[in-house]
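Have a look at the structure below before the remarks.
2 protein chains.
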Amino acid sequence: MTVKQLSMPELVDACRESGVPAVGLWRAPVQEYGLARTAKLVREAGLNVTTLCRGGFLTAVDPAGRARALDDNRLAVDEAATLGTDTLVLVSGGLPAGSKDLHGARERIADALAELGPYAEERGVRLAVEPLHPMFASDRCVVSTLTQALDLAERFPAHQVGVAVDTYHLWWDDRAPAEVARAGAAGRIHTFQLADWTTPLPEGVLNGRGQLGDGAVDLRAWRGYVEAAGYTGPVEVELFNDALWSRDGREVLAETVARFLAHAV
Amino acid sequence: MTVKQLSMPELVDACRESGVPAVGLWRAPVQEYGLARTAKLVREAGLNVTTLCRGGFLTAVDPAGRARALDDNRLAVDEAATLGTDTLVLVSGGLPAGSKDLHGARERIADALAELGPYAEERGVRLAVEPLHPMFASDRCVVSTLTQALDLAERFPAHQVGVAVDTYHLWWDDRAPAEVARAGAAGRIHTFQLADWTTPLPEGVLNGRGQLGDGAVDLRAWRGYVEAAGYTGPVEVELFNDALWSRDGREVLAETVARFLAHAV
Chain A
1 MTVKQLSMPE LVDACRESGV PAVGLWRAPV QEYGLARTAK LVREAGLNVT
51 TLCRGGFLTA VDPAGRARAL DDNRLAVDEA ATLGTDTLVL VSGGLPAGSK
101 DLHGARERIA DALAELGPYA EERGVRLAVE PLHPMFASDR CVVSTLTQAL
151 DLAERFPAHQ VGVAVDTYHL WWDDRAPAEV ARAGAAGRIH TFQLADWTTP
201 LPEGVLNGRG QLGDGAVDLR AWRGYVEAAG YTGPVEVELF NDALWSRDGR
251 EVLAETVARF LAHAV
Chain B
1 MTVKQLSMPE LVDACRESGV PAVGLWRAPV QEYGLARTAK LVREAGLNVT
51 TLCRGGFLTA VDPAGRARAL DDNRLAVDEA ATLGTDTLVL VSGGLPAGSK
101 DLHGARERIA DALAELGPYA EERGVRLAVE PLHPMFASDR CVVSTLTQAL
151 DLAERFPAHQ VGVAVDTYHL WWDDRAPAEV ARAGAAGRIH TFQLADWTTP
201 LPEGVLNGRG QLGDGAVDLR AWRGYVEAAG YTGPVEVELF NDALWSRDGR
251 EVLAETVARF LAHAV
């Protein structure tokens with residue numbers, strides 16, 4: 001998503017040019033290019049797929065909406081398996097229209113994980129519950145802290161359900177470093193993502209994630225937290241940013257690699 | 001601030017018309033109308049002043065900036081005393097330019113409270129540390145949760161330093177209700193403020209607070225939390241909202257009273 005302006009073949013080429021050995025993919029561009037075609041493209045290029053984003057949106061109350069969500073998440077698991085990644089990231093979903101019941105919504109996510117975890121395991125895929133910044137709690141994700149994500153994940157085996165640790169969502173929370181250690185000790189850090197925090201936030205607050213080094217997050221400290229917790233998996237850079245999307249994608253990828261080396265290594 | 005389009009005399013009249021017995025004031029409009037003049041106006045109208053907003057911005061590193069902040073906060077304490085309110089609300093401040101050190105910034109707030117607490121006590125004023133939503137952590141307030149605010153406040157006597165509980169900033173946090181109980185047991189809920197959470201957030205995210213009943217917050221449950229914690233003080237409604245500010249202030253105040261009665265009583 002950091003360079004969503006690139007087509008799938010352009011992305012693969014740009015990763016090779018920039019020395020990026022692995023990439024996280026999003027479902028919509030994969031579906032647009034074709035699932036089997038994408039899987040073949042990345043496999044032949046020797047590009048590893050770190051994660052597939054995203055399943056989730058599991059908070060519907062009505063049975064039909066809930067069944068649709070579960071069907072879609074099973075499809076997302078299948079897509080992840082086809083792409084050769086072992087991790088499906090979940091954005092859990094916000095409050096249903098008119099609801100004020102955060103606790104109930106979180107419990108419905110647990111119910112869904114109980115159905116999806118075994119399905120994913122059979123296909124070699126782990127689910128990564130991603131806590132999103134509290135500013136998304138009503139409309140996108142009622143799981144707002146790493147504590148909440150782990151409390152959900154720990155109801156299930158670690159090889160079925162873990163968490164996604166994203167600096168953009170967690171940087172402000174003084175409890176998060178200890179929770180990273182908790183997650184690592186349980187083998188539940190299923191992916192680690194970097195973005196910086198910059199202000200002012202744009203309208204809707206979705207597409208204002210900062211390029212690495214531009215903001216308030218001590219990225220090197222965060223790498224230290226996950227490494228001290230035993231995490232040895234890939235480090236993803238996930239920037240939703242209108243300004244970056246308006247530029248040449250190859251240039252943005254090269255810049256991101258440089259920023260990564262300057263601020264996160 | 002909910003009806004900042006009203007002049008000070010208009011505000012006093014509108015409160016009388018709407019049956020509002022007390023009002024929280026902000027420093028800028030008070031200074032504009034004149035401190036002594038405002039104090040006289042509200043006193044003669046029989047209108048109680050619940051709180052003065054806001055002191056704070058206590059995170060500067062440089063000695064000159066720190067001295068200026070302390071001077072300004074002492075002035076704010078004096079203003080509160082003159083207005084006849086016992087509570088000064090503090091918005092603690094964000095990260096200094098270029099800093100990524102949230103912990104250090106929070107410690108500088110503690111240092112400032114140690115100087116300001118006794119000064120305020122001598123003048124019959126309590127300080128209320130207000131945790132702001134985590135989306136303000138970098139540029140406005142590094143105190144993001146009620147837990148953090150209480151951890152700061154509890155270093156000092158409760159009659160010097162407590163907290164402001166504002167539903168807008170805390171509604172998403174599943175730990176907050178227990179922390180309200182903790183605050184109440186210690187006599188540290190120095191004010192209670194209502195606003196609703198609505199999306200999409202506007203650019204800059206400052207002026208998008210929802211009218212009561214328009215959003216995701218269970219306001220009645222929150223009144224229950226503070227009442228169960230022993231709070232018997234005023235309930236303030238603080239809405240930063242461009243749409244409300246563009247309307248007739250008297251109409252907005254009457255609407256707010258009606259919403260309060262419908263959603264928070």
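Top to bottom, those sequences are chains A and B.
Take the first sequence: its letters are residues 1 to 265, numbered as in the UniProt record's numbering.
Take the second sequence: its letters are residues 1 to 265, numbered as in the UniProt record's numbering.
Ideal placement from N, C-alpha and C gives every residue a C-beta, glycine not left out.
A quick note: this is a predicted structure, and the numbers were derived from the prediction, not measured.
For Glu203 (chain A), the C-beta contacts it makes with chain B under 8 Å involve Pro200, Leu201, Pro202 and Glu203, in order along the chain.
Residue pairing from DSSP places Trp26 (chain B) in a beta bridge opposite B:Cys53. Under the Cβ distance rule, Asp174 (chain B) counts among the residues neighbouring chain A, one pair being separated by less than 8 Å. In the three-state DSSP reduction, Ala128 (chain B) falls in the strand class (E or B). Shown in chain order are the members of the segment 118–145 of chain B whose Cβ falls below 7 Å from a Cβ of chain A: His133, Pro134, Met135, Ala137, Ser138, Asp139 and Ser144. Residue state for Asn207 (chain A) is assigned as coil, using DSSP reduced to three classes. Of the candidates A:Arg54, A:Ala164, A:Ala60 and A:Ala112, A:Ala164 places its Cα closest to the Cα of Gly233 (chain A).
Ranking A:Tyr119, A:Leu58, A:Thr147 and A:Leu127 by CA distance to the CA of Asp86 (chain A) puts A:Leu127 first. Relative to Gln211 (chain A), the option among A:Leu261, A:Cys141, A:Tyr231 and A:Ala176 whose CA is nearest is A:Leu261. Between Ala153 (chain B) and Val142 (chain B), the gap from beta carbon to beta carbon reaches 8 Å or more.
Excluding its 5 nearest sequence neighbours in each direction, Ala22 (chain A) has C-beta neighbours in its own chain below 6 Å: Asn48, Thr50 and Pro234, listed in chain order. Secondary structure note for Leu70 (chain B): its alpha helix (DSSP H) is the uninterrupted segment Pro63 to Leu83.
The beta carbon of Asp218 (chain A) sits closer than 8 Å to some beta carbon of chain B. Interface flag for Trp245 (chain B) against chain A is unset, since no Cβ pair is found closer than 8 Å. Of all residues in the segment 87–98 of chain A, only Leu95 place a beta-carbon less than 8 Å from a beta-carbon of chain B. At a beta-carbon threshold of 9 Å, the residues of chain B lying near Gln148 (chain A) are Asp174, ordered along the chain. Around the C-beta of Pro202 (chain A), 16 or more other C-beta atoms lie within 10 Å, and the residue is accordingly described as buried. When Cβ-Cβ separations below 8 Å define contact, Trp222 (chain B) makes no contact with chain A.
If you look at Gly162 (chain B), you'll find it in the beta strand (DSSP E) that goes Val161 to Asp166. Around the beta carbon of Glu107 (chain B), fewer than 16 other beta carbons sit within 10 angstroms, so the residue counts as exposed. At a beta-carbon threshold of 9 Å, the residues of chain A lying near Leu102 (chain B) are Trp171, Trp172, Asp174, Ala216 and Asp218, ordered along the chain. Looking at the DSSP output, Asp196 (chain A) shares a beta bridge with A:Gly210. Inclusion of Gly94 (chain B) and Thr145 (chain B) in the CB contact set at 8 Å is not warranted, their separation being larger than that value. Leaving aside the five residues that flank Val3 (chain B) on each side, the residues in its chain whose CB is nearer than 6 Å to its CB run, in chain order, Gly249, Val252 and Leu253. Around the Cβ of Asp173 (chain B), a 10 Å sphere holds 16 or more other Cβ atoms; the residue is buried.
Unbroken alpha helix (DSSP H) stretches of 4 residues or longer found wholly inside the segment 101–152 of chain B: 102–122, given in chain order. Trp197 (chain B) has a beta carbon lying within less than 8 Å of a beta carbon in chain A. Within the same chain, Ala229, Gly230 and Tyr231 come within 6 Å of Gly184 (chain A) by CB-CB distance, once the 5 residues on both sides are set aside. Sixteen is the threshold: when 16 or more other Cβ atoms of the shown chains lie within 10 Å of the Cβ of Ser138 (chain A), as they do, the residue is buried. Put simply, the backbone Cα of Leu219 (chain B) is about 11 Å away from that of Val237 (chain B). Judged by DSSP secondary structure, Val237 (chain A) falls within the beta strand (DSSP E) whose first and last residues are Val235 to Val237. Taking the Cβ atoms as the reference, Val180 (chain A) lies roughly 14 Å from Glu130 (chain A), outside the contact range of under 8 Å. Across the structure, Asp242 (chain B) and Arg209 (chain B) are spaced so that their CA atoms are roughly 9 Å apart. Here Ala14 (chain A) is not near Leu25 (chain A), since their CB atoms are 8 Å or more apart. Gly124 (chain B) places its beta carbon less than 8 Å from that of Ala81 (chain B). Counting only unbroken stretches of 4 or more residues, the alpha helix (DSSP H) elements lying wholly within the segment 217–253 of chain B are 219–228 and 242–245, in sequence order.
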